[in-house]
Amino acid sequence: MFAGQKLPKVTFRTRVRDESIEGPNPFRWQDMTTDEYFAGKRVVLFSLPGAFTPTCSTYQLPGFENGFEDFAAEGIDAIYCMSVNDSFVMNKWAEAQGIKNVKVIPDGSGEFTRKVGMLVDKDNVGFGMRSWRYAAIVNDGVVEAWFEEPGRDDNHPEDPYGESSPENVLKALKAAKAEAAA
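Numbering (full-length UniProt numbering), first residue to last: 1 to 182.
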């Protein structure tokens, strides 16, 4: 994806808490579309290889979560974390991480990730098809800025991290704001 491109239309299968459901698993299926997540909002979307993985759980997700107010001050309405994991996994990961500000988007089938050109084979680490690590600033469904880790390739021997870090995305937002004000 590049700046100026519109995000693909996809329907995500999510599980949401529903207090009207009794028992130990009070959740129901709810389809959410790309438009429902992105239309009329300026958001940060970041995607990573997998929930519960070290870099994602130690740096990337907590960094966006803890920096939420800084992003809001730069005109960001929401921050979304996407992974090629199902909704059950994404919800449990968000719960385990104590996430309150970042919203998780399950791309269980990898359809969105494939359509944005970021689906890679990670069989070398036992993952199968997963997302390459990236972040984007998206305004009303259109990519404003794209931050992709270098070396995107199937079975890449490393998991680069830096371009899509919260610090880098926030720095770009501040620079764009300063440039617009000048």
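We treat Cβ as the ideally placed atom computed from N, Cα and C, and that holds for glycine.
No experiment lies behind these values; they were computed from the predicted model shown.
In the three-state reduction of the DSSP assignment, Lys-103 falls in the strand class. Here the stretch 28 to 45 makes contact with the stretch 129 to 142; the two share three or more CB pairs at distances below 8 Å. Distance from the CA of Ala-3 to the CA of Lys-92, rounded to the nearest whole angstrom, comes to 32 Å. For Glu-144, the enclosing beta strand (DSSP E) covers residues 142 to 148. Distance from Ile-76 to Phe-64 at the Cβ level is roughly 10 Å; contact not present, criterion being Cβ atoms closer than 8 Å. Put simply, the backbone Cα of Met-1 is about 15 Å away from that of Asp-140. For Ala-145, the CB contacts under 7 Å within the same chain, skipping 5 residues up- and downstream, are Ala-3, Ala-136, Ile-137 and Ala-172 in chain order. Bounds of the alpha helix (DSSP H) holding Ser-87 are 87 to 97. Judged by their CB atoms, Pro-8 and Val-116 are nearer to each other than the 9 Å cut-off. Rounded to whole angstroms, the gap between the alpha carbons of Gly-162 and Met-129 is 22 Å. When the five nearest sequence neighbours on each side are left out, the beta carbons in the same chain lying within less than 7 Å of the beta carbon of Pro-26 are those of Arg-17, Asp-18 and Glu-19, in order along the chain.
In the three-state DSSP reduction, Val-125 falls in the helix class (H, G or I). For Asn-155, the secondary structure class from DSSP, reduced to helix, strand or coil, is coil.
In terms of CA proximity to Asn-85, Arg-13 leads the group Leu-61, Arg-13 and Pro-166.
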